[in-house]
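**Student:**
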Amino acid sequence: MMLHSVVTISLGHISNNQADSSKNFSSVPKDKLQEFWTPFLLVHLGGPDTITAYALEDNDMWLRHLVVHGVHVGTALYIFIQAWENDPLMFIAIPILISGLVNYGGRTLALRSSSTQCLKDGLFSAPDPCSDFVKHVEKDHSFEGDRDHQDRLMEEGSSSSSVLSVMVLPQDGIDDQKDHRLVEAYFMFKRLEYLFVGFVLDYYERIGIYSIIRDKSAEDSFKLVAIELGFMYDTLYTKATVVCSRFGIVFRCISFFSSVSAVVVFSVMNLLFHRYPKIDIFLTYSLLAGAVFVEVYAIMVLFYSDWTRLWLIKCKKAQHNLVSKFFVDHLWRFTSPSHSVVSNKYQKRWSGSMLQFNLISYCLENTQHRCTGVQKLPYFGKWLEIYRYLTRVNVSADLRELIFNQLKKKGDKLIDINVSYVVLRNEFLAHRGDNALKIQQHLGDRFHWSITEVDFDQSLLIWHIATDV
Numbered sequence: 001m002m003l004h005s006v007v008t009i010s011l012g013h014i015s016n017n018q019a020d021s022s023k024n025f026s027s028v029p030k031d032k033l034q035e036f037w038t039p040f041l042l043v044h045l046g047g048p049d050t051i052t053a054y055a056l057e058d059n060d061m062w063l064r065h066l067v068v069h070g071v072h073v074g075t076a077l078y079i080f081i082q083a084w085e086n087d088p089l090m091f092i093a094i095p096i097l098i099s100g101l102v103n104y105g106g107r108t109l110a111l112r113s114s115s116t117q118c119l120k121d122g123l124f125s126a127p128d129p130c131s132d133f134v135k136h137v138e139k140d141h142s143f144e145g146d147r148d149h150q151d152r153l154m155e156e157g158s159s160s161s162s163v164l165s166v167m168v169l170p171q172d173g174i175d176d177q178k179d180h181r182l183v184e185a186y187f188m189f190k191r192l193e194y195l196f197v198g199f200v201l202d203y204y205e206r207i208g209i210y211s212i213i214r215d216k217s218a219e220d221s222f223k224l225v226a227i228e229l230g231f232m233y234d235t236l237y238t239k240a241t242v243v244c245s246r247f248g249i250v251f252r253c254i255s256f257f258s259s260v261s262a263v264v265v266f267s268v269m270n271l272l273f274h275r276y277p278k279i280d281i282f283l284t285y286s287l288l289a290g291a292v293f294v295e296v297y298a299i300m301v302l303f304y305s306d307w308t309r310l311w312l313i314k315c316k317k318a319q320h321n322l323v324s325k326f327f328v329d330h331l332w333r334f335t336s337p338s339h340s341v342v343s344n345k346y347q348k349r350w351s352g353s354m355l356q357f358n359l360i361s362y363c364l365e366n367t368q369h370r371c372t373g374v375q376k377l378p379y380f381g382k383w384l385e386i387y388r389y390l391t392r393v394n395v396s397a398d399l400r401e402l403i404f405n406q407l408k409k410k411g412d413k414l415i416d417i418n419v420s421y422v423v424l425r426n427e428f429l430a431h432r433g434d435n436a437l438k439i440q441q442h443l444g445d446r447f448h449w450s451i452t453e454v455d456f457d458q459s460l461l462i463w464h465i466a467t468d469v
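Last residue of the sequence shown: 469 (full-length UniProt numbering), numbering continuous.
#1: If you reduce the DSSP assignment to three classes, tell me which class residue 232 lands in.
#2: Compute the distance between the beta-carbons of residue 258 and residue 92, then report whether it is under 7 Å.
#3: Determine the burial state of residue 244: buried for a count of at least 16 other Cβ atoms within 10 Å of its Cβ, exposed for fewer.
#4: Going by other Cβ atoms of all chains shown within 10 Å of its Cβ, with 16 needed for buried, is residue 455 buried or exposed?
#5: List, from N- to C-terminal side, the beta strand (DSSP E) runs of 3 residues or more that fit wholly inside the stretch 379 to 423.
#6: Can you grab the Cα-Cα spacing for the pair residue 469 / residue 70, in whole Å?
#7: Restricting to runs no shorter than 4 residues, where is the alpha helix (DSSP H) found entirely within the stretch 26 to 72?
#8: Grab me the residues of residue 352's own chain with a C-beta within less than 7 Å of its C-beta, minus the 5 sequence neighbours each way, in chain order.
#9: Report the option in 462, 103, 282, 415 whose CA atom is closest to the CA atom of residue 210.
#10: DSSP state of residue 266, grouped into three classes?
#11: List the residues that DSSP assigns as beta-bridge partners of residue 188.
#12: What does DSSP give as the partner residue(s) for residue 90 in the beta ladder?
#13: Measuring CB atoms only, is the stretch 73 to 81 touching the stretch 106 to 119, in the sense that at least three cross pairs come out at less than 8 Å?
#14: Determine which residues share a DSSP beta bridge with residue 354 and list them.
#15: Are the stretch 46 to 63 and the stretch 288 to 303 touching, with three or more C-beta to C-beta distances below 8 Å?
#16: With DSSP collapsed to three states, give me the class of residue 476.
#17: Could you spell out where the alpha helix (DSSP H) holding residue 280 opens and where it closes?
#18: Can you give me the C-alpha to C-alpha distance between residue 271 and residue 262, rounded to a whole angstrom?
#19: Between residue 445 and residue 436, what straight-line distance do the alpha-carbon atoms span, to the nearest angstrom?
#20: Would you check if the stretch 204 to 221 and the stretch 50 to 65 touch, i.e. whether three or more CB-CB distances between them fall below 8 Å?
#21: Around the C-beta of residue 250, are 16 or more other C-beta atoms found within 10 angstroms, so that it is buried, or is it exposed?
#22: Which residue wins for smallest C-alpha separation from residue 38, given the options 426, 390, 299, 284?
#23: Should residue 439 go down as buried or exposed, given a rule of 16 or more other Cβ atoms within 10 Å for buried?
#24: What first and last residue would you give for the alpha helix (DSSP H) that runs through residue 273?
#25: State the Cα-Cα distance for the pair residue 452 and residue 427, rounded to the nearest angstrom.
#26: For the putative contact between residue 201 and residue 191, defined by C-beta atoms under 8 Å, what is the C-beta separation to the nearest angstrom?
#27: What residues in its chain sit with their C-beta under 8 Å from that of residue 14, if we drop five residues either side in the sequence?
#28: Verify whether the separation of the beta carbon atoms of residue 108 and residue 66 is less than 7 Å.
#29: With a CB to CB cut of under 8 Å and the five nearest residues on each side skipped, what residues in its chain are close to residue 502?
#30: In terms of alpha-carbon separation, which member of 412, 277, 421, 354 lies closest to residue 392?
#31: By the three-class DSSP mapping on this structure, what secondary structure does residue 255 have?
#32: Rounded to whole angstroms, what's the CA-CA distance from residue 327 to residue 234? Just pull it up for me.
#33: With a 10 Å radius around its C-beta and 16 neighbouring C-beta atoms as the bar for buried, classify residue 330 as buried or exposed.
#34: Are the beta-carbon atoms of residue 317 and residue 197 separated by less than 7 Å?
#35: Does residue 236 pass the burial test, meaning 16 or more other C-beta atoms within 10 Å, or should it be called exposed?
#36: Helix, strand or coil for residue 440? Go by DSSP, reduced to three states.
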């Protein structure tokens with residue numbers, strides 16, 4: 001939001017200077033160079049491909065962002081048209097303006113594509129993208145099980161019809177274990193999308209997902225889920241849905257070559273004509289270098305991303321002509337070692353730790369110590385005060401094993417065709433720790449009251465005190 005305000009103020013300032021110059025019938029080279037900077041505001045306002053939204057609500061409010069973007073683009077075009085004359089600098093600004101429109105428009109399109117309604121519509125309008133990676137078996141479950149079970153599937157809002165395409169196993173031909181895990185994670189991610197928009201997976205789809213996890217170790221399962229959540233994060237918070245499409249790649253190339261051509265032409269023009277102040281020349285080169293750096297960085301991130309690797313796996317498994325096969329094979333060899341290095345060293349899936357907040361220390365020390373100065377600042381002071389009582393704890397292998405075994409036991413129950421998924425799901429969600437007390441029989445009778453006989457917030461506070469003291 002602060003960036004939008006800065007851009008709005010900058011565009012207004014440039015427009016006012018332009019109006020003053022028109023009234024005085026003066027055309028200063030410095031003013032022309034400042035007008036040349038206008039398209040750069042759109043380039044940098046488009047932001048990097050790695051972040052578009054800071055909250056899910058930003059995606060659903062994409063129309064508001066579209067209006068704001070429209071005002072910025074309209075103002076930039078107005079300044080550009082008003083400043084237009086037979087000046088080489090204005091011709092150089094054209095490719096920068098194109099790059100800015102591509103980056104800015106790509107961000108708005110990414111917000112729209114990640115909105116809840118668009119995700120929901122896309123699940124039913126697009127074909128199953130996993131069909132290129134996995135074997136499918138057509139099953140008609142209209143005569144399987146009892147009639148009550150079929151009625152429950154309809155009531156639960158199943159994401160499939162009576163004839164289901166069920167995953168059996170990934171197809172042969174994926175030799176590398178990391179590539180195999182990537183395909184499995186993508187399959188699970190495409191099913192996770194149904195849950196995210198409020199649908200429920202039916203029995204056979206749950207079987208397909210559970211068959212992937214069932215025979216894996218806790219370590220492999222955590223790696224698999226980390227990749228799956230990475231796909232989800234890219235879809236919701238980045239431009240992945242846009243830049244990984246065919247049109248996105250074409251527009252990325254246009255934006256890159258536009259920025260590079262502007263740098264080259266401006267450098268040549270600056271060597272031939274020395275009519276601008278040195279400080280303005282330095283700022284212009286900084287803006288041009290920043291624009292090119294953003295483009296190169298975006299291409300490198302895309303090149304070594306999971307989405308590109310997934311696309312290469314798909315191409316390797318499909319039939320190609322000699323030209324495309326030659327291109328894919330060489331790109332596969334070039335990215336295989338690099339992808340492995342990037343995945344291991346620079347693309348850490350998660351921190352391997354979790355934050356813990358000590359409510360007792362926060363409440364007691366908050367009443368005893370009142371720091372002045374920074375902590376009195378609005379918002380920031382409160383955040384800093386809370387951050388003091390946050391600690392980061394590593395998630396050990398034993399803890400991961402414990403979590404995995406508990407979820408696996410629940411998964412065994414969820415695939416039982418004779419049990420209602422909704423009833424079982426509600427039962428699992430209602431667990432507040434009483435299940436753990438049942439396992440420890442000597443504790444169950446003594447402390448069962450602390451979970452079932454008090455409200456949830458009181459139970460949480462009781463056990464927080466018990467475990468902390």
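Glycine included, every Cβ here is placed at the ideal spot set by N, Cα and C.
In this text, all values refer to a predicted model and were calculated from it rather than measured experimentally.
**Tutor:** For this structure:
#1: DSSP, read as helix, strand or coil, puts residue 232 in helix.
#2: Taking the C-beta atoms as reference points, residue 92 is found no nearer than 7 Å to residue 258.
#3: Under this definition residue 244 is a buried residue.
#4: So residue 455 counts as exposed.
#5: DSSP runs (the beta strand (DSSP E)) wholly in the stretch 379 to 423: 390 to 394.
#6: Looking at the two C-alpha atoms, the distance is approximately 57 Å.
#7: If we require 4 residues or more, the alpha helix (DSSP H) runs fully inside the stretch 26 to 72 come out as 29 to 36, 38 to 45, 56 to 60.
#8: If the five residues before and after residue 352 are omitted, its C-beta is found closer than 7 Å to the C-beta atoms of 394, 395, all from its own chain and listed in chain order.
#9: When only C-alpha atoms are compared, the closest one is 415.
#10: Residue state, collapsed to three classes: helix.
#11: DSSP, once it has assigned bridges, lists no residue as partnering residue 188.
#12: DSSP output for residue 90 lists no bridge partner at all.
#13: No, the stretch 73 to 81 is not in contact with the stretch 106 to 119.
#14: According to the DSSP secondary-structure assignment, residue 354 is paired through a beta bridge with 393.
#15: Yes, the stretch 46 to 63 touches the stretch 288 to 303.
#16: The first residue shown for the chain is 1 and the last is 469, placing residue 476 beyond what the model contains.
#17: Per DSSP, the continuous alpha helix (DSSP H) segment holding residue 280 begins and ends at 278 to 303.
#18: Cα to Cα, the separation comes out at about 14 Å.
#19: Cα-Cα distance, rounded: 12 Å.
#20: The stretch 50 to 65, when compared against the stretch 204 to 221, does not touch it at the 8 Å Cβ threshold.
#21: So residue 250 counts as exposed.
#22: The shortest CA-to-CA distance from residue 38 to any of 426, 390, 299, 284 is the one to 284.
#23: Label assigned to residue 439: exposed.
#24: Boundaries for residue 273: no alpha helix (DSSP H) harbours it, and the DSSP string shows neither H nor E there.
#25: Using only the alpha carbons, I get a separation of about 14 Å.
#26: For a cut-off of 8 Å, the C-beta gap from residue 201 to residue 191 is around 6 Å, short enough to register as a contact.
#27: By the criterion of a C-beta distance shorter than 8 Å, residue 14 is surrounded in its chain by 34, 35, 37, 38, 79, once the five residues flanking it on both sides are discounted.
#28: It is a contact, given that the beta carbons lie within the stated cut-off.
#29: There is no way to answer for residue 502, as the model of the chain reaches only from 1 to 469.
#30: The residue among 412, 277, 421, 354 with its C-alpha nearest the C-alpha of residue 392 is 354.
#31: Under the three-state reduction of DSSP output, residue 255 falls in the helix class.
#32: A direct Cα-to-Cα measurement between residue 327 and residue 234 gives close to 26 Å.
#33: Residue 330 comes out exposed.
#34: Contact flag unset, no.
#35: With 16 or more other Cβ atoms within 10 Å, it is buried.
#36: Looking at residue 440 - three-state DSSP - the assignment turns out to be coil, as it is neither helix nor strand.
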